[in-house]
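Notes follow once the structure below has been shown.
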Amino acid sequence: MAIRKVARMGHPVLRKVARELTTKEIRSEETRRLIQDMIETMREYGGIGIAAPQVHESVQVALIEIPEDPDDAEEGQRLTVFINPKIKVLDSTGQAFWEGCLSVPELRGLVVRPRKVEVSYLDREGNPKTIVGEGFLATVLQHELDHLQGVLFVDRIQDTKKLAFLDEYQKYFLPVQGEGIGDLGD
Ligand code: NI
């Protein structure tokens, strides 16, 4: 395993549409290593999700790891790997979260996204799976899957007055957050 270098905004790899993996590729040693490295890189930098283009691999692989209640799932179950994912909006009602990104360090921006989505994908063994995400999870799923289409959260910001450096965000925005506004860190 290895911690990989994270591509930062401005690197062309973050703007490409990532290609799908074949069944053979999904089961390959190379993909297994890529996923392990993505997990290690995400944890090293304190992210709750990461997509392959962020480690300079333009393939349809993303993963999320959201801390849940301590008495809920075990560590392994919090981690979900998405290969060749397809996303469908189930409820387009907008919800706002402050987002951050390992590829856009030190910034936070308020992004409005649909509140409920369904993602169909292949797991690490190539088995088809579906997950429905609401609330915060819906935003995280959309953020990570956007990376596979060459989209960054800054593209989704409607009001650029709600784009701030982390320190200023914590000082001026965090204390006055309204209802329904959460924080999606790096
Ligand atoms: Ni990101």
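Numbering (our numbering), first residue to last: 451 to 636.
We treat Cβ as the ideally placed atom computed from N, Cα and C, and that holds for glycine.
Query: Stretch pair the region 551-571 + the region 586-595: three plus CB contacts closer than 8 Å; Result: yes
Query: Asn577 burial status per 10 Å Cβ neighbour count (16 or more: buried); Result: exposed
Query: Assigned secondary structure, Lys466 (DSSP; H/G/I helix, E/B strand, else coil); Result: coil
Query: Extent of the continuous beta strand (DSSP E) run through Gln545; Result: Leu529 to Cys551
Query: Cβ distance (whole Å) where Pro503 is taken to contact Ala457 below 8 Å; Result: 7 Å
Query: Close Cβ partners of Val463 (< 7 Å) along its chain, the five nearest in sequence each way excluded; Result: Ala457, Pro503, His506 and Ser508
Query: Leu552 beta carbon near ligand 1 (any heavy atom closer than 7 Å); Result: yes
Query: Those residues which DSSP pairs with Ala512 across a bridge; Result: Ala501 and Phe532
Query: Cα-Cα separation between Pro555 and Ala468, rounded to whole angstroms; Result: 22 Å
Query: Nearest to Val569 (by Cα), restricted to the options Gly583, Arg558 and Leu560; Result: Gly583
Query: Helix, strand or coil at Lys474 according to DSSP, with G and I counted as helix; Result: helix
Query: Closer than 7 Å: His461 CB and nearest ligand 1 heavy atom; Result: no
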